[in-house]
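Enquirer: Note that this note's numbering numbers the sequence shown so that position 152 is 154, with each residue one more than the last. A virtual CB, placed ideally from N, CA and C, is assigned to each residue, including glycine.
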Amino acid sequence: MVILHLINDGNPMLDTLSSYAFQDNAPQLLATSMLSMAIGSLTLLGALSAARIPLNRTTKILFGCWIGGLTAAAIFRARFSEYVGAISGDIHQYSCLVAFISVPAIGYSILDRLRDNAALSRNSAILARWTRYSTACLLLFGISYLCSDFPDTPIIGELAELLPVGLVQRVALVVDICLLGALLLIARAASSPSFSARQDPPVPVLATEPHSLVR
Numbered sequence: 003m004v005i006l007h008l009i010n011d012g013n014p015m016l017d018t019l020s021s022y023a024f025q026d027n028a029p030q031l032l033a034t035s036m037l038s039m040a041i042g043s044l045t046l047l048g049a050l051s052a053a054r055i056p057l058n059r060t061t062k063i064l065f066g067c068w069i070g071g072l073t074a075a076a077i078f079r080a081r082f083s084e085y086v087g088a089i090s091g092d093i094h095q096y097s098c099l100v101a102f103i104s105v106p107a108i109g110y111s112i113l114d115r116l117r118d119n120a121a122l123s124r125n126s127a128i129l130a131r132w133t134r135y136s137t138a139c140l141l142l143f144g145i146s147y148l149c150s151d152f153p154d155t156p157i158i159g160e161l162a163e164l165l166p167v168g169l170v171q172r173v174a175l176v177v178d179i180c181l182l183g184a185l186l187l188i189a190r191a192a193s194s195p196s197f198s199a200r201q202d203p204p205v206p207v208l209a210t211e212p213h214s215l216v217r
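#1: Within a Cβ cutoff of 6 Å, which residues of the same chain sit near valine 207, ignoring the five residues on either side of it in sequence?
#2: Beta carbon of isoleucine 188, beta carbon of isoleucine 112: below 9 Å?
#3: Since serine 150 is in the alpha helix (DSSP H), which residue starts that stretch and which ends it?
#4: I want to know whether the stretch 91-103 touches the stretch 68-76 - three or more CB-CB distances under 8 Å.
#5: Taking alanine 138 as the reference, which of Arg124, Leu148 and Val170 has the closest Cα?
#6: Going by CA-CA distance only, name the one from Ser150, Leu175 and Val177 that's closest to proline 166.
#7: From this set, Ala191, Thr61, Leu182 and Ser193, which residue's C-alpha is nearest glycine 42's C-alpha?
#8: When the distance is taken between beta carbons, is tyrosine 135 closer than 9 Å to cysteine 180?
#9: Measure how close the beta-carbons of glycine 168 and threonine 18 come, nearest whole angstrom, since I'm counting them as under 8 Å.
#10: Asparagine 58: buried (16+ other C-beta within 10 angstroms of its C-beta) or exposed?
Printed below as a string of structure tokens:
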């Protein structure tokens with residue numbers, strides 16, 4: 003994703019990431035980046051499962067929405083060109099919406115499962131912080147995206163200038179990646195030998211009375 007910004011000529015303040023699929027330099031790099039994030043997220047889900055982090059059905063569905071949203075958005079391009087059909091553009095748009103909503107929901111879902119786990123309290127606090135940041139960025143991105151459609155409307159146009167949709171989207175994506183990084187730290191901490199030792203306390207040995215020599 004960093005390389006994508008370095009070699010393209012788009013305006014990172016105003017242009018959304020989806021528009022990079024139509025740049026002259028490496029037009030397929032956006033799809034490759036999104037698929038790479040999807041594969042990495044699938045690996046993260048496997049790491050959490052291997053570390054025996056409690057994952058309920060809701061958490062797995064949310065991971066599926068995030069991974070599936072990225073994959074669909076990579077396959078179907080946004081409608082920035084007359085050569086792209088309306089169906090492809092709609093699929094891309096709603097796939098991105100589902101993906102962005104899923105990440106903070108994943109954070110809240112796992113936090114709920116780790117509520118009573120004292121051994122991971124420090125990691126849970128980090129995850130909670132990034133989950134709140136992700137939620138705030140999601141709301142700001144939604145506002146900026148809606149305001150960008152009405153640049154000439156009073157007040158709304160001024161708000162669109164204060165919240166450039168391209169910049170807000172990139173900040174939201176970086177925060178989401180940090181949230182996923184916090185989940186990776188949880189999986190790593192839960193896989194450490196010290197965590198296993200805290201989870202499995204030693205079994206107490208019952209003292210036995212010595213046999214009496216006098217009967």
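Expert: Looking at the coordinates:
#1: Legend: pLDDT at valine 207 = 49, less than 50; position of this residue unreliable, no value from coordinates given.
#2: Closer than 9 Å, so yes.
#3: No alpha helix (DSSP H) contains serine 150, which DSSP labels as neither H nor E.
#4: Yes, since at least three Cβ pairs between the stretch 91-103 and the stretch 68-76 fall closer than 8 Å, the two stretches touch.
#5: Alanine 138 has its Cα closest to that of Val170, out of Arg124, Leu148 and Val170.
#6: The candidate whose alpha carbon is nearest that of proline 166 is Ser150.
#7: Checking every option, the nearest Cα to that of glycine 42 belongs to Leu182.
#8: Closer than 9 Å, so yes.
#9: With a beta-carbon spacing of about 6 Å, glycine 168 and threonine 18 fall inside the 8 Å limit used to define contacts.
#10: With fewer than 16 other Cβ atoms within 10 Å, it is exposed.
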